[in-house]
Amino acid sequence: MKELGIYIHIPFCVRKCFYCDFVSYAKKESVQKKYIEALQKEILNWKKSNKDVKIKTIYIGGGTPSCIDSKFITEILNLINIKNAEEITIEVNPGTVNKEKLYDYKNAGINRLSIGLQSTNNELLKKIGRIHNYEQFLETYKMAREVGFNNINVDLMIGLPGQAMDDLKTSLEDIINLNPEHISVYSLILEDETPLKKMIENNILKLPEEDLERQMYWYTKDFLKINGYNHYEISNFAKQGFYSKHNLDCWEQKEYIGFGISAHSYIDRKRFGNISNLDNYIKNCIEGGFDKNRIIEEEQDKKDEMKEYMILGLRKINGISIQKFENKFNENPIVLFKKELKKLFNEGLIIIDGDIIRLSNKGLDFANIVWEEFI
Ligand code: SF4
1 MKELGIYIHI PFCVRKCFYC DFVSYAKKES VQKKYIEALQ KEILNWKKSN
51 KDVKIKTIYI GGGTPSCIDS KFITEILNLI NIKNAEEITI EVNPGTVNKE
101 KLYDYKNAGI NRLSIGLQST NNELLKKIGR IHNYEQFLET YKMAREVGFN
151 NINVDLMIGL PGQAMDDLKT SLEDIINLNP EHISVYSLIL EDETPLKKMI
201 ENNILKLPEE DLERQMYWYT KDFLKINGYN HYEISNFAKQ GFYSKHNLDC
251 WEQKEYIGFG ISAHSYIDRK RFGNISNLDN YIKNCIEGGF DKNRIIEEEQ
301 DKKDEMKEYM ILGLRKINGI SIQKFENKFN ENPIVLFKKE LKKLFNEGLI
351 IIDGDIIRLS NKGLDFANIV WEEFI
C-alpha cells in the first residue's frame, strides 16, 4: 500500500508579522468557515481516487492554524483515515490557544505541537511584529504539557533586527530549561515587499552583521548539542526519537499531498502546488473545478529526480547514503555526479566518508552554493 504524507494549509493569522511573506490573511470567521468547507471538498474529492493509501504523517501548517476554531481542525481530520498515522502535527502560536482547544486537538488525534516563539525577548518579538510575548508562550507550553502533549517543537529565530548574541544565549537557555523534544532555529530571511524590509531600508531597524548571524548559528549548534539535542537538519535539532517524521520524509523525497491554498504536493515525480488566491480557490472547490486550483510546477525525469534527491538529502546532517541512492535509482551517485562532487569536495563544502556524502561545516554556511551544483 502506498504511503503518503499530508500537508494542510490554514492561511489565517491574527495579524501579519512584519517579516512574513507566507500566504496568510487576517480574515473573519465567516471567510474561515467558507475556506474550511472548500478544503473539505478538496480532501473528499482526492479521497475518491485514493482509497488504498496509508497516511503516515499529517502536518497542519499556516498561517496560524491555532487561530481558527478547533472544531474546524477536528472536522478536517475526521475526513482523513488517520488510523495508521505516526505523527500528526499542528502549528500553534502563543496567545491563540486555550486548554479546551488543546484538548480538542488531542482528541482529534494530533500528537505533536509546533509552537512559534522566535525569541524569549519581548522587545525583539515586538520589533518583528509577533502578536505574543514570552509569558504567553510559557502559558501555552505549560497548558500543552498539562493536556498531555509529549512531543513539542519550539521555533526560534536568529539574525533578528537588534538581536545580540546574549539575547540568543538567553533564549536558548530559557528554552532548554523547559525541555521540549524538538527545537527549530531559522535564520531570518528579509523578504521583498515586507514591512520589515522597508524598516531596514529606512534605517528604522538594523539587522546583525552576517558574521554575527553565522556566529549565532554555530553557538546554537554547539549549545544544543551539549544539551542533548541532535542536529539532524540544517535548522532542526531534536532529542533522540523525536526527529520530525513528516519533514524527514520530505527530505527523503517521499510523496506527499497538500490541501488548501498554496499547498504543495509531490506525487509520481510531479511537483505541483495549489493557487494562492483565496477567493478563486474557494470558488473552484465549490464548483468542483479542483484541477483549476492545481499548478504543475515540475515534471521530473529520472535525472531531475536524482538531482533533487541530492539537494534534499544534503539538508540532513547525516547526508546521503550512497547505498540507499543505489537501491533507489540503480546508479552510483559518485559516478553520476563525479564533476559536481569533485568540485564541492575540493572547495571543502562536502565530506565523503565511506557510504556517506554530507555537508562539511563550511558547507553548512554555504549550503546554497552546494544546491546550485545540482540545479
Ligand atoms: S504567524 Fe507565521 S504565518 Fe502568520 S504572519 Fe506571523 S510568520 Fe506569517
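Sequential numbering of the sequence shown, starting at 1, is according to my numbering.
Think of the CB as a built atom: it goes at the ideal place given N, C-alpha and C, for glycine as much as any other residue.
Any non-hydrogen atom of the ligand SF4 closer than 7 Å to residue i Cβ
i, result
"F22", "yes"
"N93", "yes"
"T96", "no"
"K16", "yes"
"T89", "no"
"C250", "no"
"G258", "no"
"C13", "yes"
"G354", "no"
"G159", "no"
"G116", "yes"
Among the options, nearest to residue i - alpha-carbon criterion
i, options, result
"G289", "I275, E297, Q300", "I275"
"D155", "I226, Y186, E135", "Y186"
"K362", "I352, E347, G354", "E347"
"D52", "I82, F72, S30", "I82"
"N111", "E37, L336, Y219, A144", "A144"
"N332", "D355, L344, W251", "D355"
"I296", "R269, P195, Y309, I320", "R269"
"E372", "I351, E340, I352", "E340"
"F374", "L4, M306, S360", "M306"
"Y217", "D174, C250, I158", "I158"
"I55", "E37, L77, G61, A38", "L77"
Straight-line Cα distance separating residue j from residue i
i, j, result
"R15", "V23", "12 Å"
"K126", "D167", "14 Å"
"K342", "Y25", "46 Å"
"R358", "Q32", "43 Å"
"T57", "I204", "42 Å"
"Q163", "D222", "19 Å"
"K28", "V370", "43 Å"
"S70", "F12", "13 Å"
"F242", "H182", "7 Å"
"M199", "K303", "43 Å"
"E382", "S184", "In the structure as shown, the chain starts at 1 and stops at 375, and residue 382 therefore has no counterpart that could be examined."
"E75", "I334", "48 Å"
"V92", "L336", "43 Å"
"G228", "L178", "13 Å"
"N121", "S171", "7 Å"
"E213", "N368", "16 Å"
"K2", "A85", "13 Å"
"K47", "Q323", "35 Å"
"I282", "Y35", "6 Å"
"N376", "Q240", "The question about residue 376 has no answer here: the residues shown for the chain are numbered 1 through 375."
"Y19", "N330", "43 Å"
"C67", "K101", "10 Å"
"Q136", "T64", "15 Å"
"V147", "L224", "26 Å"
Residue i: CB within 7 Å of a non-hydrogen atom of the ligand GTP
i, result
"T64", "Because the ligand GTP does not appear in the structure shown, any question about it cannot be addressed here, the ligands present being the ligand SF4."
Is there contact here, the segment 311-323 with the segment 232-243, by at least three beta-carbon pairs under 8 Å?
yes
Could you say if the segment 34-48 and the segment 257-273 meet the contact criterion of at least three C-beta pairs nearer than 8 Å?
yes
For the segment 130-142 and the segment 92-106, state whether three or more C-beta atom pairs, one from each stretch, are separated by less than 8 Å.
yes
Count the CB pairs spanning the segment 112-125 and the segment 144-154 that are closer than 8 Å, and state whether there are at least three.
yes
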